[in-house]
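Asker: Residue numbers (the working numbering), protein chains in the order written: chain A, 1 to 297; chain B, 1 to 297. Even glycine gets a Cβ: it sits at the ideal position worked out from N, Cα and C. To start, I am sharing the structure in question, which I have written as structure tokens.
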DNA sequence: CATTTAGTTCAAAAGGATTGAAGTAATGAA
DNA sequence: TTCATTACTTCAATCCTTTTGAACTAAATG
């Protein structure tokens with residue numbers, strides 16, 4: 001792989017084509033016409049291909065020459081982009097940003113934000129993962145992610161920066177035809193314990209798993225995400241607390257019913273963004289800044 | 001747009017990464033280690049970016065360096081491909097080949113052939129058009145196409161080379177519930193004239209239009225392609241001759257019925273490939289050679 | 001602590017790129 | 001037709017970038 005094509009030659013060809021003249025190209029490139037001639041001749045010789053038809057006074061690109069100019073421009077653009085990418089990276093823009101989103105949140109607005117980011121910084125890879133409860137902290141401490149959106153509770157240590165997103169409201173919700181709907185409210189803990197509770201299992205792999213508002217002694221059904229928990233509630237498989245913002249439509253449509261319960265634990269939960277304090281990445285900062293002004297629940 | 005990146009520097013980076021050593025890269029590139037060092041230093045200086053971590057004995061690519069190597073390889077590949085393309089073009093391979101197919105033929109085997117060609121010569125653009133009867137000749141004489149597949153009749157002048165593809169059989173076919181099916185065969189011309197005939201209109205733009213086997217005095221319905229003619233026949237809109245190979249399935253399924261008619265004109269038609277005798281293109285030759293061994297009808 | 005391995009530095013040399021003057025060839029105006 | 005102009009080419013001289021090789025530094029290895 002030893003191509004006789006050089007970026008300099010491509011630049012020269014590009015200039016000649018755009019200005020439609022060797023002399024004008026020489027002028028543009030701050031060279032003397034003979035230098036342009038030399039470069040073109042060398043390329044033609046090494047390729048053993050005629051790029052210009054010189055039978056007329058004005059040198060005219062041959063079809064092959066034209067193709068090389070066109071393709072060459074793409075190559076020049078690519079090297080230019082590469083330079084730009086490298087410069088940006090050196091200035092603190094990540095090559096890749098890993099975002100971990102708690103399954104309690106609506107992903108849609110975040111995806112919209114990512115799309116916007118990609119338009120501005122198309123060379124930065126964004127990798128999104130979904131975790132549940134402690135799983136987000138786990139991903140952060142294990143270095144599997146750069147930014148957690150929707151971290152719950154306190155930081156495990158001072159290596160992380162927390163930025164609150166607000167409190168999320170939970171309600172005790174069951175399917176419309178669930179037996180508990182017929183009970184007088186507030187519903188006692190002992191009544192609730194007669195039905196299986198749907199529990200989103202913590203996706204922590206290393207840190208001690210957190211439990212989220214379990215009413216002890218109840219039969220449990222574990223599901224891997226809040227989406228699945230909502231489905232389970234809708235099917236009447238069990239009962240439990242759900243984030244209001246995720247089930248508003250179901251409550252309005254009457255498919256889920258919010259019930260008053262005696263125990264008040266876990267009715268609210270503080271959500272945050274979190275990232276490692278050493279991470280000075282500009283893409284990270286961009287997302288933190290933009291997400292702060294967003295309503296995610 | 002004056003990128004400090006050069007193809008030579010990218011080659012050097014590539015070699016270093018692959019061989020995992022400056023010395024080995026120098027060896028591979030028939031240079032002295034200091035020359036490699038020089039090239040890398042110059043690039044780093046001009047980009048103002050550290051590409052190698054030299055704190056250890058073995059220089060280690062930084063993440064940005066790695067990205068540049070990876071992207072750089074794509075650029076090297078592109079210039080290499082460009083060289084290859086140019087060489088091939090100079091050797092007589094077209095930059096673009098325009099193929100004009102008569103609508104009477106099955107396009108599928110031709111598309112399969114084009115797909116195969118594209119795998120071998122991915123940089124050559126293939127442009128397919130569809131024409132009807134004289135339209136193919138028209139496209140050729142007007143220079144709108146390079147190769148006609150399925151040209152009918154004689155060449156208009158000696159500027160073109162004809163290569164016969166064989167004879168195509170036509171049958172007089174009508175829809176299964178058409179009144180003509182009830183008539184005793186062979187069916188007389190006067191009976192036929194009572195029903196509209198479906199005529200594929202010639203797509204010639206400059207040459208005198210040819211007519212294909214019209215039974216004179218009949219009401220006509222003109223359609224733009226053989227596909228549409230078959231549809232019209234199936235719907236019972238009219239009658240006429242159809243190429244057997246295109247309606248075999250409908251005949252087998254009984255949706256169309258082939259009838260015996262008295263007039264025997266236009267029962268067969270000689271089809272050919274045709275191209276301009278000055279066209280020495282290798283892609284053209286490739287297609288001519290391959291199509292000769294194919295069964296297109 | 002000596003030895004080996006890996007890359008860097010630097011002055012000297014090589015050689016490719018640039019220059020400018022002279023030349024050629026097509027175009028177009030007088 | 002002639003002559004000036006435009007457009008590119010040729011070529012020897014010059015410049016300056018790249019390469020070289022010897023000497024050097026610094027990390028790993030045992």
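Express the C-alpha separation of residue 144/B and residue 105/B in angstroms, rounding to a whole number.
Answerer: As a position in the second chain, residue 105/B is number 105, starting the count at 1. As a position in the second chain, residue 144/B is number 144, starting the count at 1. Looking at the two C-alpha atoms, the distance is approximately 19 Å.
Asker: Return the CA-CA distance between residue 45/B and residue 28/A, expressed in angstroms with no decimal places.
Answerer: Position 45 of the second chain holds residue 45/B. Position 28 of the first chain holds residue 28/A. Looking at the two C-alpha atoms, the distance is approximately 26 Å.
Asker: Along the chain, where does the alpha helix (DSSP H) that runs through residue 39/A open and close?
Answerer: For this step, residue 39/A is matched to residue 39 along the first chain. Residue 39/A -> alpha helix (DSSP H) spans 33–47.
Asker: For chain A, find out if any of its Cβ atoms is closer than 8 Å to the Cβ of residue 34/B; answer yes or no.
Answerer: Here the question's residue 34/B lines up with position 34 in the second chain. False, the Cβ-Cβ gap to chain A never drops below 8 Å.
Asker: Pick out whichever of 40/B, 33/B, 21/B has its Cα sitting closest to the Cα of residue 56/B.
Answerer: Within the second chain, residue 56/B is the residue found at index 56, counting from 1. For residue 56/B, the nearest C-alpha among the options comes from 21/B.
Asker: Can you give me, in chain order, the residues of the region 105–138 of chain A that have a beta carbon less than 9 Å from any beta carbon in chain B?
Answerer: 123
Asker: Which one of 73/B, 262/B, 41/B has the shortest CA to CA distance from residue 18/B?
Answerer: Translated into the one-based positions of the second chain, residue 18/B becomes position 18. Closest in alpha carbon position to residue 18/B, among 73/B, 262/B, 41/B, is 73/B.
Asker: Go ahead and pull the three-state DSSP assignment for residue 117/B.
Answerer: Position 117 of the second chain holds residue 117/B. Here residue 117/B sits in helix by DSSP.
Asker: Is the region 123–138 of chain A touching the region 246–255 of chain A in the sense that three or more CB pairs, one from each, lie closer than 8 Å?
Answerer: no
Asker: Confirm, please, whether the CB-CB distance from residue 134/A to residue 271/A is below 8 Å.
Answerer: Sequence index remark: in the first chain, residue 271/A carries index 271 (1-based). Sequence index remark: in the first chain, residue 134/A carries index 134 (1-based). No.
Asker: If you measure beta-carbon to beta-carbon, which residues of the region 237–265 of chain B are closer than 7 Å to chain A?
Answerer: none
Asker: Could you name the residues of chain A that residue 68/B contacts, counting a contact when the two beta carbons are closer than 7 Å?
Answerer: Locating residue 68/B in the second chain gives position 68, where the first residue counts as 1. The contacting residues are 82, 86.
Asker: Report the option in 192/A, 8/A, 85/A whose CA atom is closest to the CA atom of residue 172/A.
Answerer: Taking the first residue of the first chain as position 1, residue 172/A is located at position 172. Among 192/A, 8/A, 85/A, the Cα nearest to that of residue 172/A belongs to 192/A.
Asker: Can you list, in chain order, the residues of the region 37–61 of chain B whose Cβ is nearer than 9 Å to any Cβ on chain A?
Answerer: 47, 48, 49, 50, 51
Asker: Where do the ends of the alpha helix (DSSP H) carrying residue 178/B lie?
Answerer: Walking along the second chain from the start, residue 178/B turns up at place 178. Here residue 178/B belongs to no alpha helix (DSSP H), and DSSP marks it neither H nor E.
Asker: For residue 72/B, which residues in chain A fall below 8 Å Cβ to Cβ?
Answerer: Numbered from its first residue, the second chain carries residue 72/B at position 72. Residues of chain A whose Cβ lies closer than 8 Å to the Cβ of residue 72/B are, in chain order, 82.
Asker: Counting only C-beta atoms, is residue 89/B closer than 8 Å to chain A at any point?
Answerer: Within the second chain, residue 89/B is the residue found at index 89, counting from 1. Yes, residue 89/B counts as interfacial toward chain A.
Asker: If you follow the alpha helix (DSSP H) that residue 317/A is in, where does it begin and where does it stop?
Answerer: Look at the range of chain A in this structure, 1 to 297, and you will see that residue 317/A is not part of it.
Asker: Report yes or no: do three or more beta-carbon pairs, one from the region 3–13 of chain B and one from the region 5–12 of chain A, lie closer than 8 Å?
Answerer: yes
Asker: Short of 8 Å in beta carbon distance, which residues of its chain neighbour residue 176/B, apart from the five on each side in sequence? Order them along the chain.
Answerer: Position 176 of the second chain, counted from the start, is the residue given in the question as residue 176/B. The answer, listed in chain order, is 254, 255, 256, 257.
Asker: What number of angstroms, rounded off, separates the C-alpha of residue 227/B from the C-alpha of residue 116/B?
Answerer: Along the second chain, one-based indexing puts residue 227/B at 227. Along the second chain, one-based indexing puts residue 116/B at 116. If you take the alpha carbons of residue 227/B and residue 116/B, they lie about 25 Å apart.
Asker: Which residues in the same chain have their Cβ closer than 6 Å to the Cβ of residue 211/A, if we skip the five residues on either side of it in sequence?
Answerer: Taking the first residue of the first chain as position 1, residue 211/A is located at position 211. Confidence in residue 211/A is poor, its pLDDT being 48 and thus under 50, which makes the residue's placement unreliable; the coordinate value appears in the next sentence. Excluding positions up to five away in sequence, the list is empty.
Asker: Pick from 42/A, 75/A, 152/A: whose alpha carbon is nearest that of residue 166/A?
Answerer: The residue you call residue 166/A lines up with position 166 of the first chain. Minimum Cα distance to residue 166/A is reached at 152/A.
Asker: Answer yes or no: does any C-beta atom of chain A fall closer than 8 Å to that of residue 3/B?
Answerer: Taking the second chain and counting its residues from 1, one reaches residue 3/B at position 3. Chain A contact via Cβ: present.
Asker: In this structure, how does DSSP classify residue 277/A when only helix, strand and coil are distinguished?
Answerer: The residue labelled residue 277/A in the question sits at position 277 within the first chain. In the structure shown, residue 277/A sits in coil (DSSP, three-state: anything other than H, G, I, E or B).
Asker: Note down, in chain order, each residue of its chain lying with its Cβ closer than 8 Å to the Cβ of residue 246/A, except the 5 sequence neighbours on either side.
Answerer: For the purposes of this step, residue 246/A is identified with residue 246 of the first chain, where counting begins at 1. Within its own chain, the residues whose Cβ lies closer than 8 Å to the Cβ of residue 246/A, once the five positions on either side in sequence are excluded, are 104, 106, 226, 230, 297, listed in chain order.
Asker: I think residue 274/A touches residue 162/A, with their Cβ atoms under 8 Å apart; what is that distance to the nearest whole Å?
Answerer: By one-based count along the first chain, residue 274/A stands at place 274. By one-based count along the first chain, residue 162/A stands at place 162. Confirmed, about 5 Å.
Asker: With burial defined as no fewer than 16 other Cβ atoms inside 10 Å of the residue's Cβ, what is the status of residue 97/A: buried or exposed?
Answerer: By one-based count along the first chain, residue 97/A stands at place 97. The residue in question, residue 97/A, is buried, as its Cβ has 16 or more Cβ neighbours within 10 Å.
Asker: Return the CA-CA distance between residue 287/A and residue 61/B, expressed in angstroms with no decimal places.
Answerer: Walking along the first chain from the start, residue 287/A turns up at place 287. Walking along the second chain from the start, residue 61/B turns up at place 61. The alpha-carbon atoms of residue 287/A and residue 61/B are separated by roughly 28 Å.
Asker: Going along the chain, which residues of its own chain have a beta-carbon closer than 6 Å to the beta-carbon of residue 293/B, five neighbours each way excluded?
Answerer: Reading the second chain from its first residue, position 293 is the one you call residue 293/B. Excluding sequence neighbours, residue 293/B sits near nothing in its chain.
Asker: Relative to the alpha-carbon of residue 232/A, which residue among 43/A, 291/A, 198/A has its alpha-carbon at the smallest distance?
Answerer: In the first chain, the residue the question calls residue 232/A occupies position 232. Ranking 43/A, 291/A, 198/A by Cα distance to residue 232/A puts 198/A first.
Asker: Quick one: using the 10 Å Cβ neighbour count with 16 as the cut-off for buried, is residue 319/B buried or exposed?
Answerer: Not covered by the structure: residue 319/B. The range shown for chain B is 1 to 297.
Asker: Mind checking residue 71/A: buried by the 16 CB within 10 Å criterion, or exposed?
Answerer: As a working mapping, residue 71/A is identified with position 71 in the first chain. Its Cβ being crowded by 16 or more others within 10 Å, residue 71/A is buried.
Asker: Mind listing the chain A neighbours of residue 6/B? Cutoff is C-beta to C-beta under 7 Å, in chain order.
Answerer: On the second chain, position 6 is the one that residue 6/B refers to. What residue 6/B touches in chain A: 7.
Asker: Would you list, in sequence order, the uninterrupted beta strand (DSSP E) runs of no fewer than 3 residues that lie entirely inside the region 82–138 of chain B?
Answerer: 96–102, 125–131
Asker: What does a CB cutoff of less than 6 Å around residue 47/A pick up in its chain, not counting 5 residues either side in sequence?
Answerer: The residue you call residue 47/A lines up with position 47 of the first chain. 4.
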